[in-house]
Amino acid sequence: MAIAGPAAAALASLKPGQVAFLQSLEKAELHAHLNGSIPIAVIQQLGKEYLDSPLSPHGDAVYATIGQLIHGSELETIDDFFSVFPIIYHLTSTPESLARATRGVLNAFLDGDHPQCNYLELRTGPRETEYMSRELYMRTVLNEAEKYEERVGVILSLDRKTGQKTWQECLDIALKLKGEGRRLVGVDLCGEPSMGDVADFQTFFYEAKKAGLGVTLHIAEIVSGTPEETLKLLSFQPDRLGHATFLNKEAMDIVIKNNICVEICLTSNLLCKTVTALESHHIRQYLKENHLIAICTDDILPFRTSLLAEYALLLAQPPLGLGLTEDEVKEIGEMSLRARFKIGSS
Ligand code: IMP
Ligand code: ZN
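Residue numbers (full-length UniProt numbering): 1 to 346.
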């Protein structure tokens, strides 16, 4: 998969021995959204079939979005980023196309001579479409993921804009699949960070945790998020946090004291402009505290990155990277493996 942007520049600056070191490093990808991680070649194929079909009511938007994904387009704010998903969803609306997209993602992370990671936790929000129920959506993803056995876990994402009826349905599905012994390892709160009232999701996360599912929450992703919201989310006792960019001292103390793993998505933050530069990225604070972190990609499709390239951002010399030593990077890879959700535990 072709990569571009800051992580690609960091990777290109490394010596062959350093690249080999990163390739052989033991690591887990813990924060990858399915529909944001579909390889561009798979999107192009799905897009072609959509455009060739007699019914393609969103053809112009699909065509334009695929063009943007191939060539990249500057995001003004994080809001621009979310607009791509409704278009991608036209291409993964049947069980067959969703299964192909899932296979593409699993292949991108786990196959080949140098797999991106040793273990992948793939997250996705079950969508109800004209062709499938939310439950069939989740079963379709799990069927593909389980072919990789213990190398993959699936996380059910709850979108912040969903209402009570949907979260109740998602909870029922999560508990049912967990009860059947499927490889559903956790639940996530995601979606446009300015939407919804997080208090509405308290029961969902409480019940999921009680059932032994891991809990990860996108938290403090944008500067306008309030300290009250952040503290409310922390009161759900999450095992991991996505981004955690704008934590105040009180929230940071809770995260450190409870050893809550922070999923760090460097390129995602830089391209969505929630962080202005690597030098000011909150990863520095966590590194200083030797706090549990996992380096992750978030959405390799729009961000045109890879897990290897995200690790290159750690190893490359400033200003392209953080200039960490190989030992420090190795320790970060080990941390990501430690932070996996385990089947049967919370
Ligand atoms: P899906 O759950 O497989 O459909 O993956 C795409 C969805 O993940 C998007 O519609 C968003 O709701 C969510 N998502 C992807 N990236 C981010 C992020 O950085 N912050 C919050 N939500 C995200
Ligand atoms: Zn995310």
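A virtual CB, placed ideally from N, CA and C, is assigned to each residue, including glycine. The structure displayed is predicted, hence computed values, not measured ones.
Buried versus exposed call for M132 [16 or more other C-beta atoms within 10 Å across all chains shown]: buried
Neighbourhood of ligand 4 [Cβ distance below 6 Å to any heavy atom], ordered by chain position: Judged by which ligands are present, ligand 4 is missing from the structure shown, whose ligands are ligand 1 and ligand 2.
Cβ pair count under 8 Å reaching 3, the region 45-57 against the region 81-98: yes
Backbone secondary structure at V223 - three-state DSSP: coil
Alpha carbon of A7 to alpha carbon of L314, nearest angstrom: 10 Å
For E96 and T245, the rounded distance between their alpha carbons: 37 Å
Check: N35 C-beta below 8 Å from any heavy atom of ligand 1: yes
Cβ neighbour criterion (16 or more within 10 Å) applied to K147: exposed
Whole-number beta carbon distance between M138 and L156, since they are thought to touch under 8 Å: 7 Å
Status (buried if at least 16 other CB within 10 Å, exposed otherwise) for S345: Low confidence applies to S345: its pLDDT is 45, below 50, so where it sits in the model is not reliable, and the reading given next is rough at best. Counting Cβ neighbours within 10 Å, S345 comes out exposed, since fewer than 16 surround it.
A4 - DSSP class collapsed to helix/strand/coil: coil
Top-ranked residue by Cα proximity to D327, from P302, Y311, L320 and A339: Y311
Beta-carbon gap between T32 and L120 smaller than 9 Å: Note that residue 32 is Ala in the sequence shown here, rather than Thr. Closer than 9 Å, so yes.
Proximity to Q18 [Cα-Cα], best of E334, A309, R340 and L337: A309
Pair within 9 Å by beta-carbon distance, I300 and G36: yes
T124 beta carbon near ligand 1 (any heavy atom closer than 8 Å): yes
Per-residue DSSP class, three states only, for C170: helix
Own chain partners of S56 with C-beta closer than 6 Å, once the 5 adjacent residues on each side are dropped: Y50
Alpha carbon of E289 to alpha carbon of D188, nearest angstrom: 25 Å
Alpha helix (DSSP H) segment containing Y119, residue limits: No alpha helix (DSSP H) contains Y119, which is instead part of the beta strand (DSSP E) from Y119 to T124.
Buried or exposed (CB count within 10 angstroms, at least 16 for buried), A339: buried
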